[in-house]
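Here is the structure we will look at.
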Amino acid sequence: MSVSSARAETPQDIGVVDGPTAAPVPPAELPLIESPEDLAPGDARELTQLFFERLEKLEEGTPEYQYARNTLIEMNLSLVRYAARRFRNRGDDLEDIMQVGTIGLIKAIDRYDLSRNVEFTTLAIPYITGEMKRFFRDTTWDVRVPRRLQELRVDLARANEHLANELGRDPKVSELAAHLDIPEEEVMEGQVAANGYSASSIDATIGDEGNDIPLADLLGDYDEEMYLFEDLHTLKPLLDQLEDRDRRILELRFGQEMTQAEIGDILGISQMHVSRLLNRCLGQLRTAMLRTD
Numbered sequence: 014m015s016v017s018s019a020r021a022e023t024p025q026d027i028g029v030v031d032g033p034t035a036a037p038v039p040p041a042e043l044p045l046i047e048s049p050e051d052l053a054p055g056d057a058r059e060l061t062q063l064f065f066e067r068l069e070k071l072e073e074g075t076p077e078y079q080y081a082r083n084t085l086i087e088m089n090l091s092l093v094r095y096a097a098r099r100f101r102n103r104g105d106d107l108e109d110i111m112q113v114g115t116i117g118l119i120k121a122i123d124r125y126d127l128s129r130n131v132e133f134t135t136l137a138i139p140y141i142t143g144e145m146k147r148f149f150r151d152t153t154w155d156v157r158v159p160r161r162l163q164e165l166r167v168d169l170a171r172a173n174e175h176l177a178n179e180l181g182r183d184p185k186v187s188e189l190a191a192h193l194d195i196p197e198e199e200v201m202e203g204q205v206a207a208n209g210y211s212a213s214s215i216d217a218t219i220g221d222e223g224n225d226i227p228l229a230d231l232l233g234d235y236d237e238e239m240y241l242f243e244d245l246h247t248l249k250p251l252l253d254q255l256e257d258r259d260r261r262i263l264e265l266r267f268g269q270e271m272t273q274a275e276i277g278d279i280l281g282i283s284q285m286h287v288s289r290l291l292n293r294c295l296g297q298l299r300t301a302m303l304r305t306d
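Numbering-wise (our numbering), the sequence shown opens with residue 14 and increments by one.
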C-alpha cells in the first residue's frame, strides 16, 4: 500500500520544495550546504541549532526561508532512518515508512521553539515515531474498522498483558472493563473488532505431517433450520390457496397459540368443529407439500 493512499499529507503538502526545481538561496550568516544528508551527526546537531536561530528571523515564504527549512529537513533525515529501524520487520516498504517519518520530522521542525531550551531531537523523535505508528495503525488492518476501535484494541492488549501478569491468568471482560474504566459492552466490541486486524484466507490449509485440510472445510456446520426455511418457502403459496376461514384458524392456532376452545369462541363454532377443520387443513397442506417435493 502506498503512503499516498493512506495519508493525505506528503512532504510537498507541508511545503517542502523539491531540490531539483528550486535553486538553494542561502541567507546571510548561513553556509551553503550542498549535501546536508552526508553531514556527520555532530556537525548536523551544531548546524541544526544555527539554522533554527536564523530561521526565526526569516520571513516565511521567501527563498531564504525555504532554503533554511529544507536544509534542516535534509540534515535531520538521519533521525527518520534511526526511527525506521524499529519498524523494519513489519513487512512494509521502507520508502513508505521513511516518507511518513519525514512528515513527522517536518511537523517537529515547524513546531520547534528555541526559547524552551530543549534539544531538537527530544521533540523530533516522538513526532517521527508517532507518524509511523499512525501509518501502521491505519494501514495494517486486514478489515477496516473505525479508528476508535483500532485504538481500543491497543489499550485492551496492554491491559490484558498487565492483568495476566498480575492475576496469573487471562482477565475476564469485567476485569478489563474495570481496569480501563469503560463499560463491559465496549470491551466486547473491542475484542470483536480486534479479529479484523489479521484475517486468513478460507483457502489456507492447516494441519501437519502432510494431512493439510483447507480451512473452508472446517468452517460452518450443518444447519437444521435450512430445511425449515425451505418448508416455509414451499408452504406460503399453499396457504394463499386456502379459504379465509381456514387461514384464520391456522393463524389463531399456530400464530397466536390459542386453544381450539378459544378459537371456537372467536368464530362462533364448537371446539369439535374447529378440530375437524384444523385436521382437514393440515392434511390438505401436507398432501400438497409432499406432492410439491
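From the three backbone atoms N, C-alpha and C, an ideal C-beta is built for every residue, glycine too.
All values derive from a computational prediction rather than experimental measurement.
Buried or exposed (CB count within 10 angstroms, at least 16 for buried), residue i
{"i": "Leu45", "result": "exposed"}
{"i": "Pro184", "result": "buried"}
{"i": "Leu63", "result": "exposed"}
{"i": "Val205", "result": "exposed"}
{"i": "Gly8", "result": "Because the chain spans 14 through 306 in this model, residue 8 falls outside it and cannot be assessed."}
{"i": "Leu290", "result": "buried"}
{"i": "Met88", "result": "buried"}
{"i": "Ala274", "result": "exposed"}
{"i": "Thr135", "result": "exposed"}
{"i": "Gln254", "result": "exposed"}
Option in the options with minimal Cα separation from residue i
{"i": "Leu169", "options": "Ile226, Asp123, Asn208", "result": "Asn208"}
{"i": "Glu198", "options": "Ile226, Arg171, Leu165", "result": "Leu165"}
{"i": "Ala57", "options": "Thr247, Ser91, Asp123", "result": "Ser91"}
{"i": "Val186", "options": "Asn178, Ala172, Glu179", "result": "Ala172"}
{"i": "Val287", "options": "Ala301, Asp259, Gln269, Thr61", "result": "Asp259"}
Test item: CB-CB of residue i and residue j under 7 Å
{"i": "Phe133", "j": "Tyr125", "result": "yes"}
{"i": "Met145", "j": "Ile110", "result": "yes"}
{"i": "Leu52", "j": "Val93", "result": "no"}
{"i": "Arg67", "j": "Leu43", "result": "yes"}
{"i": "Leu295", "j": "Leu251", "result": "no"}
{"i": "Ala121", "j": "Ala137", "result": "yes"}
{"i": "Gly203", "j": "Leu176", "result": "no"}
{"i": "Thr247", "j": "Met302", "result": "yes"}
{"i": "Ile191", "j": "Val200", "result": "Contrary to the premise, residue 191 reads as Ala rather than Ile in this sequence. No. Outside cutoff."}
{"i": "Leu265", "j": "Ile282", "result": "no"}
CB contact check: residue i to chain B, cutoff 7 Å
{"i": "Glu202", "result": "Protein chains in the displayed structure number just one, and chain B is not present."}
Residue i - DSSP class collapsed to helix/strand/coil
{"i": "Ile226", "result": "strand"}
{"i": "Ala137", "result": "helix"}
{"i": "Thr272", "result": "coil"}
{"i": "Asp110", "result": "Checking the displayed sequence, the identity of residue 110 turns out to be Ile instead of Asp. In the structure shown, Ile110 sits in a helix (DSSP, three-state: H, G or I)."}
{"i": "Arg260", "result": "helix"}
{"i": "Asn173", "result": "helix"}
{"i": "Val131", "result": "coil"}
{"i": "Asn292", "result": "helix"}
{"i": "Gly74", "result": "coil"}
{"i": "Ser187", "result": "helix"}
{"i": "Asn208", "result": "coil"}
{"i": "Glu47", "result": "coil"}
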